[in-house]
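Colleague: Chains D and G, in that order, give the protein sequences.
Sequence positions in the first sequence follow our numbering and run 1 to 320.
Sequence positions in the second sequence follow our numbering and run 1001 to 1514.
Ideal Cβ positions, reconstructed from N, Cα and C, are used throughout, including at glycine.
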Amino acid sequence: MKKLVLITVCLVMMAGMVFAQGSAEPAVASVAKYPDGDVSFIVPNGAGGGNDLTTRALIPSLQRSFGVNVIPLNQGESKGAVAAQNVMSAKPDGRTFYFNSQTLILMPYGGMPSIDLNQFQPVAQVVEDTGVIYVKADSPYQTIQQLLAAMKSSTLKMGHNGNGALWHLASLQLAKATGANFRYIAYTSGGTQMLTALAAGEVDLCIVNAAEGRSMVDSGLIKPLASLGETRTDVFTIPTLVEAGVDYIFPVWRGVFTKAGASEEILAEIDKAFKAAVESPEFVEYAKNNGLPIRYRDHKEFSAFIEKEKKVYAELMGSL
Amino acid sequence: MFDFSLYTAGLPLMGITTIIALIGGTLTGIVIGALPGLSAMMAVSILVPLTYGMTAEVAILMLLGVYCGANYGGSIAATLVNIPGTPSAVMTTLDAYPMAKNGQAGLAIGLATMSSAIGGFFSVIVLSMLSPLIARFALQFTSLEKLSIAIFGISVMAFISKGSTVKGLMAGIFGLMVASMGFDPNTSILRFNFGSIYLNSGVNFTAAMIGLFGMTEIMLSAEKKAKSVPDKQIEAVKNPFACFKYLRLSLGNLFRSSVIGVIVGAIPGAGGTIASIISYAQQKKLSKHPEKMGQGAVEGIVAAEAANNACTGGAMTTLLSLGIPGDAVTGILMGAFIIHGLQPGPNLFNTNYNLISAIFIGMFLINILILVLGLLGAPYFAKLLKFPRQLLNTVILVLCVVGTFGVQNSMFDVRVMVVFAIIGYIFTKLEVPRAPIVLALILGSMMEENLRRWLSLADGQYWAYFMECSRKTPIAPIILAITIFTLISPLFKKTKVFSEDALDEYEEINKKNS
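#1: Using a beta-carbon distance cut-off of less than 8 Å, what residues from the region 1339-1358 of chain G approach chain D?
#2: Roughly how far, in whole angstroms, is the beta-carbon of G1025(G) from the beta-carbon of G1053(G), given that I think they are within contact range, below 8 Å?
#3: Checking 9 Å against the spacing of the C-beta atoms, do S1456(G) and A186(D) come in under that value?
#4: Y1067(G) and V1031(G): beta carbons closer than 9 Å?
#5: Answer with yes or no whether the minimum CB distance from F1004(G) to chain D is below 9 Å.
#6: Just to check my reading of the structure: S1441(G) and A1179(G) have Cβ atoms closer than 8 Å, yes? What is that Cβ distance to the nearest angstrom?
#7: From which residue to which residue does the beta strand (DSSP E) around T43(D) run?
#8: Which value, in whole angstroms, describes the spacing of the CA atoms of R1415(G) and L1199(G)?
#9: Who are the neighbours of Q85(D) on chain G, taking C-beta pairs under 9 Å?
#10: What's the C-alpha gap between R214(D) and Y1246(G)?
#11: Within 10 angstroms of its Cβ, does W1463(G) collect 16 or more other Cβ (buried), or is it exposed?
#12: Note down, one range per segment and in chain order, each beta strand (DSSP E) of at least 3 residues found wholly within the region 250-275 of chain D.
#13: Scan the region 86-111 of chain D for residues whose Cβ lies nearer than 7 Å to a Cβ of chain G and list them as they occur along the chain.
#14: Looking at P224(D): is its Cβ nearer than 9 Å to the Cβ of I238(D)?
#15: Please tell me whether G1460(G) has its Cβ less than 9 Å away from any Cβ of chain D.
#16: Beta-carbon separation of S219(D) and N1350(G) under 9 Å?
#17: Using three-state DSSP, classify E230(D) as helix, strand or coil.
#18: Measure the C-alpha to C-alpha separation of S1155(G) and L1333(G) and round it to an integer number of angstroms.
#19: Tell me which residues of the region 181-195 of chain D have at least one Cβ-Cβ distance to chain G shorter than 9 Å, keeping chain order.
#20: Could you pull the DSSP bridge partners for F97(D) from this structure?
#21: Could you name the residues of chain D that R1453(G) contacts, counting a contact when the two beta carbons are closer than 8 Å?
#22: Give the list of continuous alpha helix (DSSP H) stretches no shorter than 4 residues that lie fully inside the region 143-216 of chain D.
#23: Per the contact definition of three or more C-beta pairs closer than 8 Å, is the region 1391-1398 of chain G in contact with the region 1185-1205 of chain G?
#24: Taking C-alpha atoms, which residue in A1476(G), S1489(G) and I1488(G) lies nearest to A1150(G)?
#25: Quick one: any contact between the region 1121-1132 of chain G and the region 1340-1360 of chain G, if contact means 3 or more CB pairs under 8 Å?
#26: What are the boundary residues of the beta strand (DSSP E) that includes K136(D)?
#27: Give every residue of the same chain whose Cβ lies closer than 6 Å to the Cβ of G1214(G), excluding the five residues on either side of it in the sequence, and list them in chain order.
#28: Using 8 Å for Cβ pairs, my map puts I1278(G) next to A1112(G). What's the rounded Cβ distance?
#29: Counting pairs of Cβ atoms below 8 Å between the region 94-113 of chain D and the region 227-241 of chain D, do you hit three or more?
#30: Beta-carbon of L205(D) versus every beta-carbon of chain G: anything under 9 Å?
#31: Assign N45(D) to buried or exposed, taking buried as 16 or more other Cβ atoms, counted over all protein chains shown, within 10 Å of its Cβ.
#32: Does the Cβ of I1484(G) have 16 or more other Cβ atoms within 10 Å, making it buried, or fewer, making it exposed?
#33: What in chain G is Cβ-close to A81(D), meaning under 7 Å?
#34: Below 8 Å on the Cβ atoms is my contact criterion, and I expect T1318(G) with A1275(G) to pass it. Report the Cβ-Cβ distance as a whole number of Å.
#35: Which residue marks the beginning of the alpha helix (DSSP H) containing L1342(G), and which one marks its end?
#36: Taking only runs of the alpha helix (DSSP H) that begin and end inside the region 1405-1472 of chain G, which ones reach a length of at least 4 residues, in chain order?
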């Protein structure tokens, strides 16, 4: 009997340890000094991915500016939904940062209606990348003009990385700008899977960023035709779509957010720290090695930009 | 001219860290394998999260060391206490234990070591020759081909489960149901997430594995009384080198058993246990003294151990060249590849040529290590059996929880792990096998994703599009034909794919011994 009681007690304690989640955090009172404690930096992906590495390249300089620890937290569960939820429930004290691209704006449309974009205060944009249109190396369309002509006369198969995801949006906008009619094929594991299918001839074209396609272009399997940026990409010598006569650019931005509600003084402090971080030698070198074009916007510019982006996507998703 | 670069390209990756990880992994594997109740599956599943901080080649080679080491280590407990240290050592108990009772424990372990290493060697040769050939068709594996492979893998599930086929299928269906949770792969619409954002992308694979194979084993072992090892037998473990006297006599047996091991290993979901049962039965049919098998015969140990270690190379062949795991352990290894940003499959030969090469070299080294460590260390590994079970279980329990949490820093995953441990426990009590769940979790999503994609590519013209794909490459129709053949063949023949005679035989001999 005694043994049974003991076992029960042990089990209850174990269950308590496993299922306990509430964390006791000291109440923050002083507003005088920012930051008044360690800062957490939430990455909505697992360790080692593009977003994670970019965040980690920013951190050394942020630590120097803030004088506290900046702790990266990888929360890749459920395609970043959990990370976004955690930002929404954080305190608006500017001590929780969150890194993402337009994937964040797409979340409410991609089956996560609980994500409220108004809860995110844009803090700094750090990167502005873009997409590149790729075809198979021995495709019948060897120039962007040939491809544009084919788009209008027939239904091409367009690979993308999942409904409502980044490259799906890029191709929808392309279709809108050119009047083309694509058959969309989803490759939810992302860029590599999509490019492999392209090389195998399963789809006719797809849009991915330059860095991701570089190795397969080098090995002669696929061919880049045009980039969707404002200016030409450094990675390939190809024209932009605007040069090819289509009035359409697709900027892929990556930036930092915090929980909405932080005071202007705090945001000003954060601006200073991120400007320094983006210009720091660690980050500049990282961006160069990974083919990421740096583009800094402070919190005011970035907020205005995000507002514009939200409208674009709301319109686009509404037309789906 | 034959291109040898595939066998040398990995050399630069074999730095000192990699070698240390390799040795450490193999040693850990042998130790875990030697401890009854701790299987290769469990070892790999709880060690995967520890590899996050490592580079891909270090992590993968360490885990391969654990996998091969544990497969061999199982024979030590089989010899000394008549409990297979890992499930695949069941057939080893039949002859190794009687031999140890006769005071020849050293010879029994020596024979097991020698056969394991030779079986392993053979399988690595097959792996390194065959997988690049299969992978050459990399770009021909489009949605239809992947779909056919997944269907084949899932249909094999019906044959591989020990005992009741119906129960094996039930476990498989359960796995398929779990695999359908989360975002729909084609339209990204949420389904079966039970209203929780934590389940938006379904159940975390690693968490489920650790629950099913790590924690469930602890629960099962906690309810059993540990069998104590007589000191006399541990002391008798000396001079394992005597085994080389039997090498020449056993060459034919070694070769045959290794071939069986590789083939069975390559069949999705089969694995070491089935390989050693088949090879043992085969040896008994061919033996000049079949009546001696089961009473301490050299050939019994050789057949069983060569086959179960040869499985490793066979299972890796399908994993690397096609991206389908050959058994439950390689299923978990596949998870480890993905965590490190590598998608196993034909394309891996294009994107990570050096790593593939390093895997070949690494597996050669691992089998050398098994031979050296096994022969020199046998007396010490034997002492491990004295280690108190309760301490060991506690340590592993902690590793299960910490390891699961580490996958994506999620407490929710730990809860998933606990839930799957309970499911695994109930399944085991109901004699429902757990391996089909792993297979279904992996192949289920692969099957769904490719089927849906293929259907949208076909755009309603299914037959015409199927013919168009088949004209490009006949891979898919061939695989589908094999699938149909394996599914209907039992209707015409009385014997199952894996003959039940072999199983009956095992039970009979086991009864006699105990």
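Modeller: In short:
#1: I1339, H1340, G1341, Q1343, N1347, N1350 and T1351
#2: Numbered from its first residue, the second sequence carries residue 1025(G) at position 25. Numbered from its first residue, the second sequence carries residue 1053(G) at position 53. Wrong, their Cβ atoms sit about 15 Å apart, outside the cutoff.
#3: In the second sequence, the residue the question calls residue 1456(G) occupies position 456. In the first sequence, the residue the question calls residue 186(D) occupies position 186. Contact: yes.
#4: On the second sequence, position 67 is the one that residue 1067(G) refers to. On the second sequence, position 31 is the one that residue 1031(G) refers to. It is not a contact, given that the beta carbons lie outside the stated cut-off.
#5: By 1-based counting over the second sequence, the position of residue 1004(G) is 4. No, because no Cβ of chain D sits closer than 9 Å to the Cβ of F1004(G).
#6: Residue mapping note: residue 1441(G) aligns to position 441 of the second sequence, counting from 1. Residue mapping note: residue 1179(G) aligns to position 179 of the second sequence, counting from 1. The sequence given here places Leu at residue 1441(G); Ser does not occur at that position. Their Cβ separation, rounded to whole angstroms, is 5 Å, which keeps L1441(G) and A1179(G) in contact under 8 Å.
#7: As a first step, residue 43(D) must be located in the first sequence, where it is residue number 43. It is worth fixing the name first, because residue 43(D) is Val in this sequence and not Thr. That run of the beta strand (DSSP E) goes V39 to V43.
#8: Here residue 1415(G) is taken as the residue at index 415 of the second sequence, counted from 1. Here residue 1199(G) is taken as the residue at index 199 of the second sequence, counted from 1. Answer to the nearest angstrom: the Cα atoms are 12 Å apart.
#9: On the first sequence, position 85 is the one that residue 85(D) refers to. The contacting residues are I1197.
#10: Counted from its first residue, the first sequence places residue 214(D) at position 214. Counted from its first residue, the second sequence places residue 1246(G) at position 246. Answer to the nearest angstrom: the Cα atoms are 56 Å apart.
#11: Counted from its first residue, the second sequence places residue 1463(G) at position 463. With fewer than 16 Cβ atoms within 10 Å of its Cβ, W1463(G) is classed as exposed.
#12: 251-259
#13: G110 and G111
#14: Residue mapping note: residue 224(D) aligns to position 224 of the first sequence, counting from 1. Residue mapping note: residue 238(D) aligns to position 238 of the first sequence, counting from 1. Yes; because the gap between Cβ atoms is below 9 Å, this pair is in contact.
#15: Within the second sequence, the letter at position 460 stands for residue 1460(G). So, not an interface residue.
#16: Here the question's residue 219(D) lines up with position 219 in the first sequence. Here the question's residue 1350(G) lines up with position 350 in the second sequence. Cβ atoms of S219(D) and N1350(G): closer than 9 Å.
#17: In the first sequence, residue 230(D) corresponds to position 230, counting from 1. It is coil, neither helix nor strand.
#18: Here residue 1155(G) corresponds to residue number 155 of the second sequence, with the count starting at 1. Here residue 1333(G) corresponds to residue number 333 of the second sequence, with the count starting at 1. The alpha-carbon atoms of S1155(G) and L1333(G) are separated by roughly 22 Å.
#19: R183, Y184, I185, A186, Y187, T188, S189, T192 and Q193
#20: Numbered from 1 along the first sequence, position 97 holds the residue referred to as residue 97(D). According to DSSP, which records beta bridges pairwise, F97(D) is partnered with F41(D) and T258(D).
#21: By one-based count along the second sequence, residue 1453(G) stands at place 453. I185, A186 and Y187, listed in chain order.
#22: 144-153, 166-178 and 191-199
#23: no
#24: Within the second sequence, the letter at position 150 stands for residue 1150(G). Checked all of A1476(G), S1489(G) and I1488(G); the closest Cα to A1150(G) is A1476(G).
#25: yes
#26: Within the first sequence, numbered from 1, the residue matching residue 136(D) stands at position 136. Run containing K136(D): F120 to K136, per the beta strand (DSSP E) assignment.
#27: Translated into positions along the second sequence, residue 1214(G) becomes position 214. Cβ within range, chain order: M1042, S1045, I1046 and C1400.
#28: If you number the second sequence from 1, residue 1278(G) lands on position 278. If you number the second sequence from 1, residue 1112(G) lands on position 112. That pair is no contact at about 18 Å.
#29: no
#30: Position 205 of the first sequence, counted from the first residue, corresponds to residue 205(D). It does not: the Cβ of L205(D) has no partner Cβ on chain G nearer than 9 Å.
#31: The residue labelled residue 45(D) in the question sits at position 45 within the first sequence. Buried, because 16 or more other Cβ atoms sit within 10 Å of the Cβ of N45(D).
#32: Locating residue 1484(G) in the second sequence gives position 484, counting from the first residue. With fewer than 16 other Cβ atoms within 10 Å, it is exposed.
#33: For the purposes of this step, residue 81(D) is taken as residue 81 along the first sequence, with counting starting at 1. Going along chain G in sequence order, the residues near A81(D) (Cβ under 7 Å) are I1197 and N1200.
#34: Mapped onto the second sequence, residue 1318(G) falls at position 318. Mapped onto the second sequence, residue 1275(G) falls at position 275. 14 Å between Cβ atoms; not a contact.
#35: The residue given as residue 1342(G) occupies position 342 in the second sequence. Neither: L1342(G) is in no alpha helix (DSSP H) and is coded neither H nor E.
#36: 1411-1429, 1435-1458 and 1462-1472
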